[in-house]
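Count the sequence shown with this note's numbering and you get residues 2 to 192, in order.
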Amino acid sequence: MQVESAGLRPRRRSSSRRAQRPARSAVTSDWARFGVEPGWSFAIPHRVRWSECDPFRHAGHRAYFEWFEEARNRYLEAVGLAPLSPDTPGPVIAETSIRYHRPLVYADQILVTARTVRLGRTSFEMEYAVWHDGLCALGRAALILVVNATGEKTPLPPELRKRILARDPAAGEAVIAGVVAAHEHGRSGWR
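Here it is, written out as structure tokens:
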């Protein structure tokens with residue numbers, strides 16, 4: 002599996018080449034330095050800014066959602082989701098959560114990871130984590146793909162599904178496990 006480390010090893014590319022092929026690299030010592038556990042396919046570095054902290058220098062709750070949003074948007078760009086516009090389908094968040102494990106403070110160097118953990122027909126779930134000497138926070142979001150002009154759900158395009166599964170194969174296994182469990186309990190697991 003190829004792993005992307007957005008921003009960790011900058012490469013110079015023309016804007017047309019960058020749009021055609023996102024930067025990719027193997028898992029690096031940078032990930033180990035942050036204490037990242039196996040199973041993550043995408044990461045972006047960040048330094049906790051003063052504006053993200055409370056008066057006690059702790060990173061505020063809102064900052065984590067912003068970091069996850071940035072990781073999600075860059076992940077979706079990397080798997081080829083078309084830039085958002087009124088004419089193209091785009092993801093909306095149906096539900097999100099964060100479990101905090103350890104506090105972060107001003108100027109901490111962190112790594113924010115992202116992966117898709119489940120694919121449905123019109124929806125998918127992503128997981129995010131913040132790392133600094135190990136896991137600091139774990140987040141999750143359920144997203145639905147909608148037609149922006151109407152707000153109606155729309156199926157994930159086959160090519161997008163293929164690219165997500167190439168990056169995060171376990172997302173397909175989660176769908177299979179969910180369908181089997183749903184049928185065992187007499188309900189459909191497809192979304």
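For each residue, glycine too, the CB sits at the ideal point set by N, CA and C.
Would you tell me roughly how many angstroms separate the C-alpha atoms of Gly-173 and Arg-141, rounded to the nearest one? The residue labelled residue 173 in the question sits at position 172 within the sequence shown. The residue labelled residue 141 in the question sits at position 140 within the sequence shown. Computed Cα separation, rounded: 17 Å.
Close-in-space but distant-in-sequence residues of the same chain around Ala-115 (CB under 7 Å, 5 per side omitted): Within the sequence shown, the letter at position 114 stands for residue 115. Here the set comprises Phe-43, Ala-72, Arg-73, Tyr-76, Met-127, Tyr-129.
Identity of the residues DSSP links to Glu-126 by a beta bridge: If you number the sequence shown from 1, residue 126 lands on position 125. According to DSSP, Glu-126 bridges with Arg-119, Ala-143.
What separation, rounded to the nearest whole angstrom, lies between the Cα atoms of Val-118 and Leu-166? The residue you call residue 118 lines up with position 117 of the sequence shown. The residue you call residue 166 lines up with position 165 of the sequence shown. For the pair Val-118 and Leu-166, the Cα-to-Cα distance works out to about 10 Å.
Who does Cys-54 pair with in a DSSP beta bridge? Mapped onto the sequence shown, residue 54 falls at position 53. Ala-60.
Beta carbon of Leu-146 nearer than 8 Å to that of Leu-157: As a position in the sequence shown, residue 146 is number 145, starting the count at 1. As a position in the sequence shown, residue 157 is number 156, starting the count at 1. Against a cut-off of 8 Å, the Cβ pair of Leu-157 and Leu-146 comes out as a contact.
Return the Cβ separation of Val-106 and Val-131 in integer angstroms, given the expectation that the two are a contact with Cβ distance under 8 Å. The residue you call residue 106 lines up with position 105 of the sequence shown. The residue you call residue 131 lines up with position 130 of the sequence shown. So it is not a contact: roughly 13 Å between Cβ atoms.
Cβ of Arg-164 within 8 Å of Cβ of Leu-139? As a first step, residue 164 must be located in the sequence shown, where it is residue number 163. As a first step, residue 139 must be located in the sequence shown, where it is residue number 138. For Arg-164 and Leu-139, no; Cβs fall outside 8 Å.
Could you have a look at Ile-99 and say whether DSSP puts it in helix, strand or coil? Locating residue 99 in the sequence shown gives position 98, where the first residue counts as 1. Strand, per DSSP.
Using 10 angstroms around the beta-carbon of Ala-27, count the other beta-carbons present and answer buried if the total reaches 16, otherwise exposed. Numbered from 1 along the sequence shown, position 26 holds the residue referred to as residue 27. Confidence at Ala-27 is low in this model, with a pLDDT of 32, below 50, so its placement is unreliable and the value that follows should be read with caution. Answer is exposed; the Cβ neighbour count stays below 16.
Applying the 10 Å Cβ sphere with the 16-neighbour rule, what's the burial state of Asp-88? Within the sequence shown, the letter at position 87 stands for residue 88. So Asp-88 ends up on the exposed side.
Counting only the same chain and skipping the five closest in sequence on each side, list residues whose C-beta sits under 6 Å from that of Pro-90. As a first step, residue 90 is located in the sequence shown; it is residue number 89 there, counting from the start. Correct list, in chain order: Leu-146, Val-148, Thr-155.
Arg-122 versus Pro-56: straight-line alpha-carbon distance, rounded: Counting from one through the sequence shown, the residue named residue 122 turns up at place 121. Counting from one through the sequence shown, the residue named residue 56 turns up at place 55. Those two C-alpha atoms are separated by around 44 Å.
Spatial neighbours of Glu-160 within its chain, please: CB distance less than 6 Å, with the 5 preceding and 5 following residues excluded, ordered by chain position. On the sequence shown, residue 160 is found 159 positions in, with the first residue counted as 1. Cβ neighbours of Glu-160 beyond the five flanking positions: none.
What is the residue span of the alpha helix (DSSP H) that Glu-160 lies within? Position 159 of the sequence shown, counted from the start, is the residue given in the question as residue 160. Run containing Glu-160: 159 to 168, per the alpha helix (DSSP H) assignment.
Please state the DSSP three-state secondary structure of Ala-108. As a position in the sequence shown, residue 108 is number 107, starting the count at 1. In this structure, Ala-108 counts as coil in the three-state DSSP scheme.
Contact under 8 Å by Cβ, Pro-84 with Leu-144: Working through the sequence shown from its first residue, we reach residue 84 at position 83. Working through the sequence shown from its first residue, we reach residue 144 at position 143. Contact flag unset, no.
Indicate the three-state DSSP secondary structure (helix, strand or coil) for Ala-172 in the structure shown. Locating residue 172 in the sequence shown gives position 171, where the first residue counts as 1. Here Ala-172 sits in helix by DSSP.
Rounded to the nearest angstrom, how far is the Cβ of Gly-40 from that of Glu-53, given a contact under 8 Å? Stepping through the sequence shown from its first residue, residue 40 is reached at position 39. Stepping through the sequence shown from its first residue, residue 53 is reached at position 52. Incorrect: roughly 27 Å between the Cβ atoms, too far for contact.
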